[in-house]
Structure formats: C-alpha cells, structure tokens
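Step one of this worksheet: look at the structure below.
Given below as structure tokens:
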C-alpha cells in the first residue's frame, strides 16, 4: 500500500488535488497526479491519501475526490495537552463523516508535546475509529518519549503509557492480512546500531557482592564507569555506545556489563556480532565479552576477547557463535538476553589489577 | 413683610417650631400659623454652607425643555439619583437631561456615600453635613412644583430639613420633618403660607413627595396622598440654592436620602406613584437546561421565560433579550427580541436552536441576556446546554463475493467504504508507525526481531499493519543524499514486516521543494513540505 504524502498542509483543496503554486516559491504536485503515477506503474494496490491541515482534515474530500479506485483516505488526529486542538467534538466534521462513504485510516495519532504522558486522547481515537469502522496506525514505534509521542520505551518493545493503550487494543483484534506471513529467513533478528541515544540498553542493574558490577573497585566511592551515547563516532553509521572507565588508583578493577533483553528470539544457527573500538587510553589485561543468555534460567553463553590486544582507534569485529556454546541446556531458540561487558581481572579470579588512567571504548552494531 | 411679623420671625427663629405648628393641615391666613411657618421658612446666611449661592444667576430666559413623556409635568427638571456619589468628587450629577441646563449638586465632604434603596445614596450624620444644588436660571416655580425623595430618617424627632428652596432670607418651599411629622410648606408671592403634614416612620425607607399647582399643596407618602392644603397663588420667587438634608440654620436631617426628584410643575398622582417603583433585575430562565443528544439540523425549542420582579407601583416594562453567548455550531432562529411584561408577570419567547450539519459534536453551552429597557443596566442571563449528538456510525458497505475493483496480488480492493480481501472478507488495518527511514537512510534498529515484536508472533503486539516512513531524497538516484542501498533497506524492512504477519503502508513522509537533496533535517526543521514537489512527482 502507498500513502501518497504524509501531511499536506497550508494549500487549497484545489492545489491538494490538482497541484499548482504553493505560494512558497515552488510548484506542488496534486494527489490526482500522484495517484495516476502509481497506477501508471501497473500497481493496483490500495492508495492512501491524507487530507489537509497536516493530514487531519478530510472534510473537503467529497467536493474534491481523487478519481480512481482502491482509494483509502488518511487522517492524523493529533491532540495537544490543552485539549483545544483537534478535539473529539471536531472529529465528525473532520473525518468521521467521510467514513459513511469511504474507507478511512488514522495513519498517525496521539498527543503532541505531552510531557504528562496522558492516554485519554489515544483511547478516544481508538474508540471512535472502532465505532466508525476506521483503521489506525499509532505514532510511533520509536523510543522517543511521550513528547514524540512514542508507543515504546525501548527497542525491547516495552510499552509507554500510550503504548499500553495501543497494545491492549491491538491484542483485541483478530483481522489477519489478506496474505499469509512470508516465510522467515535472511536478515538479522537483532540490530542495535546506536544511531540515536534511545536504544534500550542499560547497565546490569544488580550489584553482585562478589562480581561487583557497575563500579570501579576499590576503593569505595571511586567513580563508576559511565555509559553514554556518542553521536560522532560509529561504524558504519554515526552513533555508538561509549563506555568510559576511569581508574584513579592502583589495584582497582572494573566490571561494566550492558544488557539488552530480547523477548525470547529464535537465533538457532546464528552468530552474534559486535564491534568495538578502543578510543583512548589503555586497558592492559582487561577483557571484552559478548554474551547471550537463553531460557528461563538464563543459561549463559559468552566469548571473551583480550582487550589489551585492541589496536587503538580501530573498529574490531567480534563474534559469538551461538551454535558453538556448550553450556548444558543452552537453547539458542530462546534467547532472552544479550550483552557486552568490559572487565578487568577480578580478585576472585586472581586477575590482574590496573594502573591509574582512563580507558574509553565505543561499541556499535550489535546484531546477529 | 410687616414689622410685627419680622419680630415674630426673629422671636420664633430660636423657638422650636414644632411647638407652634398646627397639628394638622393648615391653610395660610391665620397669624399664628403664618408666624410659625415664617419661622420655619426663615433661614440664615447660605454663604456659610454654599459659597456664592446667593449670587444672582445671569438674566437669561429659561430654555425650553425636552420632555420624553410629552408632558413636562411628568418628567423631572432635575433628578439627583446619587448613584454617582463617590469619594473622589463632591459633585452629584443631575440625571434628568430634560433641560439644556444641567443642575449639578454638591455634597459636603463629610457626607457619606452609602447604599440607598436604589443603588447609591447620601447619608447625613455629622454636624454640617449638607448637599445643595446652586440656583439655576430654570429653577422657576411660578407654574408649580414637585419635589420627591426616598428618605430613611434615623429618628423623626426635632426639625429636620429634607429639601428646601431658598430665596432672600427665607424659603420658597420646604419638605421637612417637623414635630414627628412630615411637613410640606410653601410661601406664596402674596406673603401667605400653606402647609400639609402627615405621619412617617423612622428607621425605614419612605418615599415622600409634595406638589403645588397654584391651588393645592399635596403631600404624598409612599405614593399615596397623605395630606392636602388649599392655597391659591404663586410660589414666592427669588435667588437661592436648593438645600438637601440641612439648611443654613443647621436644622439637619439625620439619615439617608436617595433619588431626589424635582420639577417646576406639579406632577400628577400616577407619576408620584411611579416614583415609588424600585426596579430589580429581571428573572430569566432558559429551558430545557440540557437537551438530550440531538443530531445536527434538528431544532430544539427553548423557552425563554422573563419575569418582571418589580412591585405593583412599577409600570409594564419592555425587556430586550439577546444572544449573549451563542456560537458555532449552534444556530438560533432569534438572536434578539423584545417582550413587554407587567410587574409580577412572566412572559415567554420560544427560541428554536439547531446545530449546523457537519459541525463539531458534544455539549455546547449558550446563553441569552435580558435587559430591562427602562434601566438597561438591570440585566440577567440564563444559560442552557445543547448537546449535539454524534451522527450514528456509518454502516459498512461490506464486501461482494467477487472483487468489484482490480486487486493487487495478495492485496485488497475497496468496495464503498469497506476494504475487502479478494475472498470477500471486510478488513480493517490496525498497527503502528515505524519511523527512522525518513531521517536515516539505514534506518534505526531495523531488524527482523524488531518487526517480530510488532507483529503477530507470541508475546508481540498483534499489529496487522506497519506504516514505514520514507524520504524521497534517499531514494532518488539524482539526489546528493541518495543511498544506493536505500531501496534494499526498504525492501528488507518490508520483508521483515511481512514475515511478522503485517501488511505495509509505504508513506512518502519527507521530501524537498523541488531541488533534490535540498532538505536536510535539523532538530528544528523537518522535511515535511506543504505538498510533494511537482518536479519529482513520478520519481523521475
């Protein structure tokens, strides 16, 4: 299906349909020409056409219909926290009335700049759309926060407050597509590219008294390693996960473990990849680890690399072949957690201690 | 004036006049009565209380008046309502406007502005409290007199000037409390006096009025004739102010005075009765208060009930009603109208209101305001709520057994308002939007697992469609921003979505203004244009 243009606005209904001068120094194409261009390729797919006022207002459609077939009209009911913009009381006029004659899909909706993470407007859109046999797609599957507005908090699919409303509604429908799902195969099941700051990664949140994650030890009070998004570095695209480890004294050690929790992915026969770069400093006799846990007991599989051998300033790829993990009960068809970890020798393992200084690593492109 | 009478005046000036006044109505002529009245009318030096008050006015002929009723006996020459009494000015406006000459009054600074029976009033309490109107060229009472006021005396003891018109060393007429009674006295050009008295209460507002028409001096209490004296003649004429609440001899009224009404003709009895009318704001109701949900275009008849709350001394008033808060999408058949309502009665107007078709739905409050045209500041509003019903949800056209339009392989067709599968099943799209390919040619976090989370697998969100946002400048080969791998990235994303059991809407999300690559998104600017540009419409 093709949606001809996202959010038309500030042109007349005539320009909307037939094209013409935008009044901004350039010429617009009209929806009729765009529709005709689609059909000229031989495509008979559904074509979605958004209304004016940022694809909200479809009230002018009856007088300005695009000629053709398999046309669906699109609306974007976006509210504002003050409640005055595009309120439910205006929906009959703007798009509800058109559902009497045409298929309508709300291809975006939500509350803009909603710092309070309210859910009422989204629920009203869904209820109204259901009552008018209109479809909808919620903006957006992207962990950008409530002001985006986002339906997920992280790439693990944890729903935001509005996402909970959307997920609950989606769970209540049973309306499979006309075609059955494509058979799987090819392509990564996981891809963490760190091309933006919102990636759903976090430090391991437990502080094991023996392993003593999350910190530089001892002495107590030493600064913990920091985790940050770096927008300038990255491979292949800009954006990487930056870990900074600061040793202030001799005899300190570190365990910086960064986890992501996929929802039980089947990675049978796959190899987990990650890419790391020593940006600055040194990490003698430290290690980099790529790991994946499976099943309800989080059976551990990991591969270690000698971080001291990393050539400074270069990206180096590491692999964890999930099929080669020999842990008892390891089940790559149920991967529940993956992670990357930086650690120097641990006291319990008789490891080697570090000397004062700062080591900076960038991690990128964690995928299967 | 004879020497004998002057001596009596001087004598009586110091003697309480109440001891000498007859108990009931007196007609001038008897020496004793004249002497007492002369003493009563006599007054000291007005310059002590009203500087310059005895200066003769310019010798101009009195101008002709404009009297709204058509009969100047029925309209005041001056009307001091005291509603304007305030601490910033001692001036008290004349609100009559029937003469080109205005007749401002003034109060002593110590006179208090208080609430009267009809908005503002003046209260006299301290020694020396007085209000007065300087003499004016049209204060000519040779054709008669009407003087009226609301008073609330603290007591009815002693001798208390309510209103007095001075001339020379005496007074042309006087309305006063004398010996526990209300007294009206006039001095005629012949030198004779006439007076009439009646009882009034203390501590409550009483309307007092007096007229002289050249034959009779009539005293009214609360709009009814209370006493009458016959005395043919013409009121004594001469220069001097009108005093209210006190005089040059300190015969002070203590209490509240409101709405002093003055005319140079004798008003008829019905006008005096009308002066006792104190209007109140109308009582307004709009019913029904809330309509049942009503579809657009269907009128609802609202009853606007206007009650005239005034007492029986008030006339039938005209009330204007007007839409003071009726907005889109409500449409009334009457925005304004006028109804006449007698005191104590209720009149009704029917206002048909409907909602414009195609407008918003929901509850819409609206209001009408009603104003008494006799005193436009007396207004009241009533509100009601029109609930515009949502039109009934449309019925679906449904699907024919065989497609009624061309169908893309594995796709859909549209039949009426219904999206149909080729096997005749009505279908609705429910899913999520997947951004990032509009601002990043590689996309962000695109993976099979990511789409699997949205789609139909166990534990996922059960979306049956995903809308993927695209950017024309990443796709088109001629663009500086073109990424040769972009079409493959998009194809891969489509494949992953279809593996997860979802249809895909490809959305032309961002574009440029006709120059490929000209739109680079920044945090404050996206490449969302008004419309797609004409030069690249067909992907050339």
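Protein chains in written order, with our numbering: chain L, 609 to 976; chain Y, 37 to 576. Glycine included, each C-beta is placed from N, C-alpha and C at the ideal position. Here the structure is a predicted model, which is why all the values come from computation and not from measurement.
Inter-residue Cα distance where the pair is residue i and residue j
i: residue 171 (chain Y); j: residue 190 (chain Y); result: 29 Å
i: residue 756 (chain L); j: residue 768 (chain L); result: 11 Å
i: residue 310 (chain Y); j: residue 350 (chain Y); result: 6 Å
i: residue 361 (chain Y); j: residue 186 (chain Y); result: 38 Å
i: residue 213 (chain Y); j: residue 126 (chain Y); result: 25 Å
i: residue 518 (chain Y); j: residue 511 (chain Y); result: 6 Å
i: residue 118 (chain Y); j: residue 285 (chain Y); result: 24 Å
i: residue 787 (chain L); j: residue 759 (chain L); result: 26 Å
i: residue 911 (chain L); j: residue 677 (chain L); result: 57 Å
i: residue 165 (chain Y); j: residue 145 (chain Y); result: 8 Å
i: residue 892 (chain L); j: residue 914 (chain L); result: 9 Å
i: residue 920 (chain L); j: residue 773 (chain L); result: 48 Å
i: residue 71 (chain Y); j: residue 100 (chain Y); result: 37 Å
i: residue 682 (chain L); j: residue 570 (chain Y); result: 21 Å
i: residue 827 (chain L); j: residue 862 (chain L); result: Unreliable placement is indicated for residue 827 (chain L), whose pLDDT of 40 sits below 50; the coordinate value is still reported in the next sentence. Going from the Cα of residue 827 (chain L) to the Cα of residue 862 (chain L) covers about 12 Å.
i: residue 414 (chain Y); j: residue 142 (chain Y); result: 27 Å
i: residue 824 (chain L); j: residue 941 (chain L); result: Any reading at residue 824 (chain L) needs caution, since the residue's pLDDT is 44, under 50, leaving its predicted position unreliable; the model's value is listed next. C-alpha separation (whole angstroms): 35 Å.
i: residue 549 (chain Y); j: residue 568 (chain Y); result: 7 Å
i: residue 356 (chain Y); j: residue 317 (chain Y); result: 12 Å
i: residue 606 (chain L); j: residue 851 (chain L); result: As shown, chain L starts at 609 and ends at 976. That puts residue 606 (chain L) outside it, with no answer to give.
i: residue 455 (chain Y); j: residue 327 (chain Y); result: 37 Å
i: residue 696 (chain L); j: residue 936 (chain L); result: 57 Å
i: residue 479 (chain Y); j: residue 525 (chain Y); result: 8 Å
i: residue 261 (chain Y); j: residue 410 (chain Y); result: 26 Å
Residues that residue i bridges to, as DSSP identifies them
i: residue 288 (chain Y); result: BP columns for residue 288 (chain Y) are empty, so no partner.
i: residue 466 (chain Y); result: L:744
i: residue 387 (chain Y); result: Y:338
i: residue 674 (chain L); result: Paired residues: none, contrary to the question.
i: residue 873 (chain L); result: L:943
i: residue 563 (chain Y); result: Residue 563 (chain Y) is not bridged to any residue.
i: residue 692 (chain L); result: Per DSSP, none; premise fails for residue 692 (chain L).
i: residue 628 (chain L); result: L:636
Partners in chain Y for residue i, counting only beta-carbon separations shorter than 7 Å
i: residue 653 (chain L); result: 444, 447
i: residue 610 (chain L); result: 542
i: residue 698 (chain L); result: 396
i: residue 619 (chain L); result: 566, 567
i: residue 729 (chain L); result: Those do not exist, as residue 729 (chain L) stays about 14 Å from chain Y at its closest Cβ, beyond 7 Å.
Under 8 Å from the C-beta of residue i: neighbouring residues of chain Y
i: residue 797 (chain L); result: 483, 484, 485, 488
i: residue 614 (chain L); result: 505, 543, 544, 545, 546, 564
i: residue 784 (chain L); result: 492, 500, 537
i: residue 950 (chain L); result: Here the premise fails: no neighbours, minimum Cβ distance about 22 Å.
Partners in chain Y for residue i, counting only beta-carbon separations shorter than 9 Å
i: residue 637 (chain L); result: 567, 568, 569, 570, 571, 572, 573, 574
i: residue 947 (chain L); result: Correct list: empty, because the minimum Cβ distance to chain Y is about 15 Å.
i: residue 739 (chain L); result: 426, 429
i: residue 670 (chain L); result: By Cβ distance, chain Y contributes nothing, its closest Cβ being about 10 Å from residue 670 (chain L), past 9 Å.
i: residue 975 (chain L); result: 483
Residues that residue i contacts on chain L, provided the C-beta gap is smaller than 9 Å
i: residue 469 (chain Y); result: 715, 716, 745, 746, 747, 748, 749, 750, 759
i: residue 167 (chain Y); result: Under the 9 Å cutoff, chain L gives no residues; its nearest Cβ is about 54 Å from residue 167 (chain Y).
i: residue 450 (chain Y); result: 654, 677, 678, 679, 680, 710, 711
i: residue 454 (chain Y); result: 711, 741
Proximal residues of chain L, C-beta to C-beta of residue i below 8 Å
i: residue 99 (chain Y); result: In chain order: nothing, as chain L lies at least about 59 Å away.
i: residue 464 (chain Y); result: 741, 742, 743, 781, 783
i: residue 476 (chain Y); result: 803, 845
i: residue 432 (chain Y); result: 741
Chain L contact residues for residue i, given Cβ-Cβ distances below 7 Å
i: residue 441 (chain Y); result: 677, 678
i: residue 583 (chain Y); result: Residue numbering for chain Y in the displayed model covers 37 to 576; residue 583 (chain Y) lies beyond these limits and cannot be assessed.
i: residue 362 (chain Y); result: By Cβ distance, chain L contributes nothing, its closest Cβ being about 16 Å from residue 362 (chain Y), past 7 Å.
Review point. What are the residues of the stretch 536-558 of chain Y that lie near chain L, defined by any Cβ-Cβ distance shorter than 8 Å?
Key: 536, 537, 538, 539, 540, 541, 542, 543, 544, 545, 546, 547, 549, 550
Review point. Taking contact to mean at least 3 C-beta pairs separated by less than 8 Å, is the stretch 501-508 of chain Y in contact with the stretch 539-557 of chain Y?
Key: yes
Review point. Using a beta-carbon distance cut-off of less than 8 Å, what residues from the stretch 673-688 of chain L approach chain Y?
Key: 677, 678, 679, 680
Check your understanding: Can you list, in chain order, the residues of the stretch 751-773 of chain L whose Cβ is nearer than 7 Å to any Cβ on chain Y?
Key -> Those residues of the stretch 751-773 of chain L that come within reach of chain Y (Cβ to Cβ, closer than 7 Å) are 759, 763, 765.
Check your understanding: Got a sec: which bits of the stretch 387-399 of chain Y sit with their beta carbon under 7 Å from any beta carbon on chain L, in order along the chain?
Key -> Within the stretch 387-399 of chain Y, those residues whose Cβ lies closer than 7 Å to any Cβ of chain L are, in chain order, 394, 395, 396, 397, 398.
Practice item. Check each residue of the stretch 518-535 of chain Y: if its Cβ is closer than 7 Å to any Cβ of chain L, include it; give the result in chain order. Key: 528, 531, 532, 534, 535
**Study point:** Inter-stretch contact at 8 Å, needing at least 3 Cβ pairs: the stretch 317-335 of chain Y / the stretch 392-403 of chain Y
**Key:** yes
Practice item. Quick one: which residues of the stretch 322-337 of chain Y get their C-beta closer than 8 Å to a C-beta of chain L? List them in chain order. Key: none
**Study point:** Residues of the stretch 281-304 of chain Y with Cβ closer than 8 Å to any Cβ of chain L, in chain order
**Key:** Residues: none.
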